[in-house]
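Residue numbers (my numbering), protein chains in the order written: chain E, 210 to 604; chain B, 114 to 750. Backbone N, C-alpha and C define an ideal beta-carbon position, used for all residues, glycine too.
As structure tokens, this is what we get:
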């Protein structure tokens, strides 16, 4: 639904803030009890801008930073993906944008209620909360969550606030164990005593919620899959190697990424990433390292440019003498995705190009579980320790 | 003029050949016929002796005894399909058509506003009808009546180049002949030339062998009309309502002749009156001399033989149009003659040289004041009266020439409204104001319609087919000589010039139609747009109120106003809704040649009008779906 015509503006965040500034300059003309906090102020600013546009008989419109590849750039110095200044205009009196505009305003008002009541909820909850039939029609305000989620993301970037600040979260996912003590919502938790399931990483892991108390860990191992993480936990890898082990269940959710970021920067721990040897694994690593295109505006607080890719590499099959029968042939989609990834500016490193080219040359991919072909605990006993010892990683 | 009895016998030989079932129903005729058969038998015995079925080889002498002249009446009596009497239904149409054509021509020539009364009644028997057509024309002089109605190829129109309906002088006498053949009853004519004189009443049969009228009855009668002619023909026919029937014919004739008042009584006893739409006769057309480009060598030879002029120069300048002194000199030079050469001395070789010179010398196009188009306004008036469409446009092309004959094309389009939208477009064709109902696919007009790329004008069309949708295309072809493909005058021959001209006229109109269709689509889009905005405005206003505390009502009011402003076009169209015809300056669509009618018809009213009506009735399914469409359209609004 995003408009194609891209307008370069100074940035809506500026606009939105100026709106809120205007509001604060006007003083407490509006009755707000202030419970909404910063996010609430910004929502108010946005709404007042729209009201003033209506007053001036203009076409009420929002200009929303574009969240797509066309508006992200790789900052080679910071080594993270950053969002550009391109915004798309979303006028209300435009057939293609009218509904989205209405949805954005509706979502804004409901998010403000959430701020005022100081509650935190899921984005699915927000979908149900905002969903109703438009009066006099059979049309729904939101037909599905696939319509409401982008509206929330739009608001995040437009208002320049974090999702956590808006008090909404996505489905949490991911677990962590390791020699560390934290305080989670006031409860002190010993992460080395979490049993087989580990500590479930919440969606919001901001300093106010999660605090690191003490740790003996020397590094963090981020594992792609829950099942492989279970192997490491059962073998008590974290104990023998003095590390934190964490998984994100595939593409790690925001909470896991943010937690890794905090551990890396607040505790100074190196981060190793263990993923499948396929284009999707490479991309998971790249999201952890540089940030994602869709959430480029959060890269600065999520990306870990220092993250190291420990495996699996396309050279591992030869190095560890894996049976050809555990490899999987690359399909057309894999090949297309691999070529796409090779073209990203943040994969231009010579070693990375070599790595991906080698995979394409072999024409096969490898799953982490392929290592179990040798022995059940080969991955935890031999593979990872070997890589760490030899310093065989990419970064 | 009373002819000998022998002629009658020949007539009934013809009727016997027809083995018509009608004959059996009429004992009087039967009796006569039997008698005549004997006569025939008697006659043929002499023939059989010499030629007949004997096995003796044919000799030139014997064959010579069989070789004789064929009269034109005989020929057409056998080949009546050439004149449009292929079947009972068409016979009725052709009969009415020929009578109406003659009446209108006569009235117009006498500069009398035509007032026709057409009456078709069913006689005893399923398929016997009587067609009576009366006009208020000048009437016919007594001595000419038998020739006009009782002789084929007798008329005033064949030898001149003038725009009129009739051409050959076959029509009405052929109809009379058909009636006579099928029912045995003669054609009845009553004609009065002046209120001071009584009317003559004739009953005529046609001697097909000699192509001569045979007067059966002749007297003077009192009638209640001051002048005019009434023809009455009994014939075997079939009456159908609907397409290609007399109802349709008369309706279309009324459109093409808005200056005519027609009172029509159909066989069911229903009377329909088409009132006069215009009180002016069409411009009087001039008769023109042939144009050198339009004649053939044979015609030239004939003209050379028949002319009274002595010298070639006088002949060329006097007998042809657009042959000036200069042109004449050039032609003579080219043909190796002088202007003083004697016409009498020209042999066929020289004539051929003249003919060739005609083709090479540049000669001005023939004068065009011999044409009287219906006129853009009159076409619109006719279409408006007859069709419940939404959009009407018409275009009259400038006159041009095919084979040296001036002609002019007019096109009218009607689109939308109550026209059936689920079928193909209808083409209605006229030649010199006469509706053409048959042989559509052989007609140059129809081919031009097919050749037009309707899709580029926003009308659907599958390849090689008529355009689809609620569209009626009316084309009028006016010329001093209409090149019909056959004597039944049903289709216009496919001359490149004609096809091109019709195509251009269609495109003139289609461009306007395209503008209209586009505009209507835009309007629909705009009102769709507006409805989207109106739908979301309360939600937006609610949300804003919840955030800023500004009053919702005020916001909504302002947003609604903005929405109206931004969908201005839709607004304008809706504001003037009640108005029937909108005219604004500057608008390319709304000049004199286009009329737009807003129609908001109740869903249950379907098209009863002349073009769509019968069709709609027949295709009940189509009507239902059309209604559905209307309803859903309303709902959207």
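Contacts that residue i makes with chain E (C-beta to C-beta distance below 8 Å)
i	result
residue 679 (chain B)	268 and 302
Identified DSSP bridge partners for residue i
i	result
residue 305 (chain B)	B:341
residue 591 (chain B)	B:521
residue 384 (chain B)	B:378
residue 414 (chain E)	Paired residues: none, contrary to the question.
residue 271 (chain E)	E:299
residue 313 (chain B)	B:304 and B:333
residue 284 (chain E)	E:289
residue 515 (chain B)	B:518
residue 232 (chain B)	B:245 and B:378
Chain E within 8 Å of residue i, Cβ atoms only
i	result
residue 659 (chain B)	yes
residue 652 (chain B)	yes
residue 633 (chain B)	no
residue 663 (chain B)	yes
residue 672 (chain B)	yes
residue 642 (chain B)	yes
residue 668 (chain B)	yes
residue 726 (chain B)	Reliability fails at residue 726 (chain B), whose pLDDT of 36 lies under 50, so the model's placement of it is uncertain and the value that follows must be treated cautiously. Output row for residue 726 (chain B): interface = no.
residue 676 (chain B)	yes
Proximal residues of chain B, C-beta to C-beta of residue i below 8 Å
i	result
residue 307 (chain E)	645, 646 and 649
Reference residue i; option with closest CA among the options
i	options	result
residue 257 (chain B)	B:313, B:591 and B:338	B:313
residue 624 (chain B)	B:505, B:532, B:427 and B:521	B:505
residue 523 (chain E)	E:271, E:453, E:571 and E:507	E:571
residue 705 (chain B)	B:494, B:241, B:211 and B:372	B:494
residue 95 (chain B)	B:560, B:631, B:375 and B:653	The first residue shown for chain B is 114 and the last is 750, placing residue 95 (chain B) beyond what the model contains.
residue 468 (chain E)	E:389, E:521, E:511 and E:564	E:511
residue 675 (chain B)	E:350, E:269 and E:323	E:269
residue 363 (chain E)	E:437, E:255, E:440 and E:520	E:255
residue 541 (chain B)	B:653, B:553, B:535 and B:530	B:553
residue 482 (chain E)	E:476, E:387, E:491 and E:294	E:491
residue 444 (chain B)	B:471, B:418 and B:433	B:471
residue 385 (chain E)	E:297, E:358 and E:403	E:403
Per-residue DSSP class, three states only, for residue i
i	result
residue 307 (chain E)	helix
residue 494 (chain E)	helix
residue 569 (chain E)	helix
residue 602 (chain E)	coil
residue 456 (chain E)	strand
residue 708 (chain B)	strand
residue 471 (chain B)	helix
residue 584 (chain E)	coil
residue 574 (chain B)	strand
residue 527 (chain B)	strand
residue 205 (chain B)	helix
residue 464 (chain E)	helix
residue 55 (chain B)	What the structure shows of chain B is the stretch from 114 to 750, and residue 55 (chain B) is not part of that stretch, so it cannot be assessed.
Interface flag, residue i vs chain B, CB-CB below 8 Å
i	result
residue 260 (chain E)	yes
residue 409 (chain E)	no
residue 208 (chain E)	Only positions 210 to 604 of chain E appear in this structure, which leaves residue 208 (chain E) out of reach.
residue 439 (chain E)	no
residue 576 (chain E)	no
residue 346 (chain E)	yes
residue 314 (chain E)	yes
residue 275 (chain E)	no
residue 350 (chain E)	yes
Where residue i meets chain B, residues with beta-carbon distance less than 7 Å
i	result
residue 317 (chain E)	656 and 660
residue 253 (chain E)	660 and 661
residue 257 (chain E)	661
residue 329 (chain E)	Under the 7 Å cutoff, chain B gives no residues; its nearest Cβ is about 20 Å from residue 329 (chain E).
Chain B residues whose Cβ lies nearer than 9 Å to that of residue i
i	result
residue 311 (chain E)	648, 649, 650, 652, 653 and 656
residue 342 (chain E)	The premise fails here: residue 342 (chain E) is roughly 11 Å from chain B at the closest Cβ pair, so nothing lies under 9 Å.
Could you name the residues of the segment 354–377 of chain E whose beta carbon sits closer than 7 Å to any beta carbon of chain A, in the order they occur along the chain?
Among the chains of the structure shown, chain A does not appear; the protein chains present are E and B.
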